[in-house]
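Protein chains in written order, with this note's numbering: chain V, 1 to 177; chain L, 1001 to 1781. Glycine residues also receive a C-beta, built at the ideal position from the N, C-alpha and C atoms. Since this is a predicted model, take the numbers as computed values, not measurements.
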């Protein structure tokens, strides 16, 4: 049986940083798993924390999540640094991710990336000067190969993209607040 | 076929490289190979850690399987045929090797691991002479993880042995794999230090030069080192180790496997403690004090001087006080010599406060490797991870493997690497009463009352529901209970009451007792008779005028303050030691420099009264002599018979013939109740790196977070009441025997300290044998 090592009782950061809404959300995830496998709630918990924290995870808020889950903080850092949907540095308000995995790549993801970079004047992993749009450094397969190449704008799927379509989407995004 | 029928159900027959073997069902191919002398290359597999199968180096060829399999993660199957040297296996291993070397820097000439590197060795066997890789290599930023371990993370092959060690063995989870795929890096993610007290083992586990020994960095190459077997000088587990020396100087320490004691690990204290050997106050030439001035001299002069000093006093007025780090042979001669002279003031229990039931070995009802078999463990006055780190590891194993319930009675809330079932924290008086309450509950449930004073005292203690539950679970049938008596209990002014309670509880619960010895060779000192007469407290209160201090210093004493005053008043102090700090130099008249246990031949008895012999690992510096030789000559000069030993073996043989009487605890004790009327109850803790002369002087250990501080730790409730804030300067007063000891300390608000108690480290100079203190905050008195 997998066991979680006893953790320090200190929950200062968890109490200070996590909002009631985030905690409620995390509690929902915690209910889904046995207590000794509460590590499984980490992804849901980090999502909630990221949403609360303007779209990115600071060291402190990751530690707060770990404290709340009573798991070693390093597990939160590991998960946050592993998945591309978590951002460990402050980032733009809107997130644009372009899948560059095999299906999308074969169907011209490189061109989509080039068009997006040109349109926004930034490279992958960077944020526009006005802090509005971020091109996510690397997106793994988003499980929509049937519509390759795929781009995600704030979590919404846009499929079978052409360069014109990319420009249209990004221009639209720039006009939003 | 008939042979096959004889295979038990839990075993299977397999063949590796055409060699037939019967191995346990469910074990892995790599274990079977290891146990049968077939070598399979590996990086991530370690017999004491979980299986990760992420280095892929141990690829082997299995018959009827179309691709190579990792030997570490392939369970044995009946009649399996494994080939470790077939073309497919070797090709797989070579290919993996090539991938591992893609990002590995070619900096072996400046790498500390060079010459003892598993990657280097295996690339000799499986690597190409020339790399085909031409692109740029990955680099990683090094983190500073403290004073013990240095990092070169570019060399890391992400085998995760260190991550698994800190998760599974120490339970501290301080390292992790940050990032993903080819960008994964091992680190702490937040740039913190690694604070486990067993952290140094990740150096040995690291198969490459990513984690290396920081104090040893760039000191020597592996092939220049000589290896000598040694035994831990810092706790009574007697961990087996190797000292690595060059030109007779110990440069580092590594573990020596002993499954019954330290398994494959050693604590950081055992790894780095010996580095105190080169401290500035090491004495390497005999010295005598003339008109208040220290003068270096030769041995003959110094010995004459010492003999004259000793002869000037009647043996009745002479006292011999020894530390607990010396060899049996030294204790044996020390005792033999001064007993023959008629001296009755001999003791080694310098840190102890209560001597009323002593002159015996620690009670030890089991072996160390049986600790993990107990379903219930009760820790009594013990910060076990800091007192005997290997014992804490065994208790953790009990929790991990058997789900053992660990209950704790302590004067401060410590963090343990096992879950606690019942955690009783109270000040130095309260937690003993808590233990009494437990005894009361046990007495009520079992309908057996303790006799005499103890029974009456137990009866006066309150009972409560929590303790009653604990009592019930201790009394449950077929329940192996282990009581561990720790150093906090050993040094407690009510030690004899605590021990009597434990002895009584163990008799009721059919439990076993593990009583910690209070130093590396306290058991040896006891066996050699060092406690047969007056105890330290009596000696300090007597009119002894002539002192022999043997491998000890002021800080070793429970009453360091009174010791210093007594020694300042003495007519003569002969110091036989490796070190002399300013306090000792102030009081001593002559210093005879003797070797540390790592520099002499001899033996130790561990907590389990097992004798472990060792040969000298390091050269004695300059004029330093082995203690037994000095004592032998002293014996002759003082005309005592039986001091004509030529070799140490003759003494060792005599020690081995001494009677070893198993320790038992007396339940019939006189109970003195302690009360603290005003002020606070002091908890004066001897910290992990303040246990002996060597650890106090080991800079790498003193640079860790576990080093002693001059903090005064106090609960936030008390702090609020007195208007105390963090880092505020506080005067603490301890009134004992008409003296007032005052120290100025820095407040640190810590809710792990119970209300009504203050916690300080022993090095600040307060006595451990008296509990009442008062505080002065700012101007308000």
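>> Can you give me the C-alpha to C-alpha distance between residue 1518(L) and residue 1276(L), rounded to a whole angstrom?
In response: Using only the alpha carbons, I get a separation of about 20 Å.
>> Looking at the secondary structure, which residues open and close the beta strand (DSSP E) in which residue 1346(L) lies?
In response: Start and end: 1345 to 1347.
>> Strictly below 8 Å CB to CB, what residues from chain L border residue 67(V)?
In response: In chain order: nothing, as chain L lies at least about 13 Å away.
>> Taking a contact to mean a Cβ-Cβ separation below 8 Å, would you say residue 1231(L) touches residue 1612(L) in this structure?
In response: Taking 8 Å as the Cβ cut-off, residue 1231(L) and residue 1612(L) qualify as a contacting pair.
> By Cβ distance below 8 Å, which residues in the same chain neighbour residue 1138(L) in space, the five residues on each side in sequence not counted?
Replying inline: Same-chain partners within the cutoff: 1103, 1154, 1182 and 1183.
> Buried or exposed: which applies to residue 16(V), given that a residue is buried once 16 or more other Cβ atoms fall within 10 Å of its Cβ?
Replying inline: In this structure residue 16(V) is exposed. Its beta-carbon is surrounded by fewer than 16 other beta-carbon atoms within 10 angstroms.
>> Here's a check: name, in chain order, each residue in its chain whose Cβ is nearer than 6 Å to the Cβ of residue 1781(L), leaving out the five neighbours to either side.
In response: With a pLDDT of 39 at residue 1781(L), under the threshold of 50, the modelled position of this residue cannot be trusted; read the value that follows with caution. Excluding sequence neighbours, residue 1781(L) sits near nothing in its chain.
> From residue 1457(L) to residue 1671(L), what does the alpha carbon distance come to, in whole angstroms?
Replying inline: In a straight line, the C-alpha of residue 1457(L) is about 7 Å away from that of residue 1671(L).
>> Counting only C-beta atoms, is residue 1557(L) closer than 8 Å to chain V at any point?
In response: For residue 1557(L), the nearest beta carbon of chain V is not closer than 8 Å to its own beta carbon.
> Quick one, which residues of the region 137 to 158 of chain V are near chain L if we go by CB-CB under 7 Å, in chain order?
Replying inline: If the cut-off is 7 Å between Cβ atoms, the region 137 to 158 of chain V has nothing near chain L.
>> Tell me the residue span of the beta strand (DSSP E) that contains residue 1585(L).
In response: For residue 1585(L), there is no enclosing beta strand (DSSP E); the residue is part of the alpha helix (DSSP H) that begins and ends at 1582 to 1587.
> Which term fits residue 1775(L), buried or exposed, when burial requires 16 or more other beta carbons within 10 angstroms of its beta carbon?
Replying inline: By the 10 Å Cβ count, residue 1775(L) comes out buried.
> For the putative contact between residue 1327(L) and residue 1521(L), defined by C-beta atoms under 8 Å, what is the C-beta separation to the nearest angstrom?
Replying inline: The Cβ separation is near 7 Å, so the contact holds.
>> Cutting at 7 Å between CB atoms, please list the residues of its own chain near residue 29(V), excluding the five before and the five after it.
In response: So the list reads 41, 44 and 45, once near-sequence residues are dropped.
> If we call anything under 8 Å between Cβ atoms a contact, is residue 1716(L) one with residue 1749(L)?
Replying inline: Their beta carbons are under 8 Å apart, which means residue 1716(L) touches residue 1749(L) by this criterion.
>> Could you tell me the alpha carbon to alpha carbon distance between residue 1243(L) and residue 50(V), rounded to whole angstroms?
In response: Taking the straight line joining both Cα atoms gives about 50 Å.
> Can you find at least 3 beta carbon pairs, one from the region 1215 to 1228 of chain L and one from the region 1100 to 1120 of chain L, that sit closer than 8 Å?
Replying inline: Touching, per the Cβ criterion.
>> At the level of alpha carbons, what is the spacing between residue 1459(L) and residue 1452(L)?
In response: Here the C-alpha atom of residue 1459(L) lies approximately 11 Å from the C-alpha atom of residue 1452(L).
> residue 1093(L) and residue 1041(L): beta carbons closer than 8 Å?
Replying inline: With respect to residue 1041(L), residue 1093(L) sits close: the two C-beta atoms are nearer than 8 Å.
>> With a threshold of 8 Å between beta carbons, is residue 1345(L) in contact with chain V?
In response: Closer than 8 Å to the CB of residue 1345(L) there is not a single CB belonging to chain V.
> From what residue to what residue does the alpha helix (DSSP H) around residue 1385(L) run?
Replying inline: First-last of the alpha helix (DSSP H) with residue 1385(L): 1384 to 1387.
> According to DSSP, which residues form a beta bridge with residue 1294(L)?
Replying inline: In DSSP, residue 1294(L) forms a bridge with 1289(L).
> Tell me, which residues are paired with residue 1482(L) by DSSP?
Replying inline: Its beta-bridge partners are 1377(L) and 1512(L).
> Which bits of chain V does residue 1234(L) rub up against, with CB to CB less than 8 Å?
Replying inline: The contacting residues do not exist; residue 1234(L) stays about 25 Å from chain V at best.
>> According to DSSP, is residue 1685(L) part of a helix, a strand, or is it coil?
In response: Residue 1685(L): strand per DSSP, three-state reduction.
> Based on Cα-Cα distance, which residue from 1357(L), 1367(L), 1588(L) and 1437(L) lies nearest to residue 1669(L)?
Replying inline: Put simply, of 1357(L), 1367(L), 1588(L) and 1437(L) the residue whose alpha carbon is nearest the alpha carbon of residue 1669(L) is 1357(L).
> Under a Cβ-count criterion, where at least 16 other Cβ atoms within 10 Å of its own Cβ denotes burial, should residue 1383(L) be classed as buried or exposed?
Replying inline: So residue 1383(L) counts as buried.
> Would you call the region 1328 to 1338 of chain L and the region 1639 to 1655 of chain L in contact, with 3 or more CB pairs under 8 Å?
Replying inline: Contact holds: three or more Cβ-Cβ distances are below 8 Å.
> To the nearest angstrom, how far is it from the Cα of residue 1313(L) to the Cα of residue 1540(L)?
Replying inline: One C-alpha to the other measures close to 17 Å.
> Residues of chain V with CB under 8 Å from residue 1588(L), in chain order?
Replying inline: Under the 8 Å cutoff, chain V gives no residues; its nearest Cβ is about 45 Å from residue 1588(L).
> What in chain V is Cβ-close to residue 1190(L), meaning under 8 Å?
Replying inline: Those within 8 Å of residue 1190(L) in chain V are 59, 63, 73 and 77.
> Nearest-angstrom Cα distance between residue 112(V) and residue 123(V)?
Replying inline: It is roughly 12 Å from the alpha-carbon of residue 112(V) to the alpha-carbon of residue 123(V).
> Under 9 Å Cβ-Cβ, which residues of chain V neighbour residue 1415(L)?
Replying inline: Those are 6, 7, 8 and 9, listed as they occur along chain V.
> Under the three-state reduction of DSSP, which class applies to residue 1469(L): helix, strand or coil?
Replying inline: DSSP places residue 1469(L) in the helix class (H, G or I) of the three-state scheme.
> Leaving out the 5 sequence neighbours to the left and right, which residues in its chain are closer than 6 Å to residue 1426(L) when beta-carbon positions are compared?
Replying inline: If we look at residue 1426(L) and ignore the five residues flanking it on each side, its Cβ neighbours are 1434 and 1754.
> Are there three or more Cβ pairs, one per stretch, closer than 8 Å when the region 156 to 174 of chain V is compared with the region 1026 to 1044 of chain L?
Replying inline: Three or more beta-carbon pairs separated by less than 8 Å are not found between the region 156 to 174 of chain V and the region 1026 to 1044 of chain L, which leaves the two stretches without contact.
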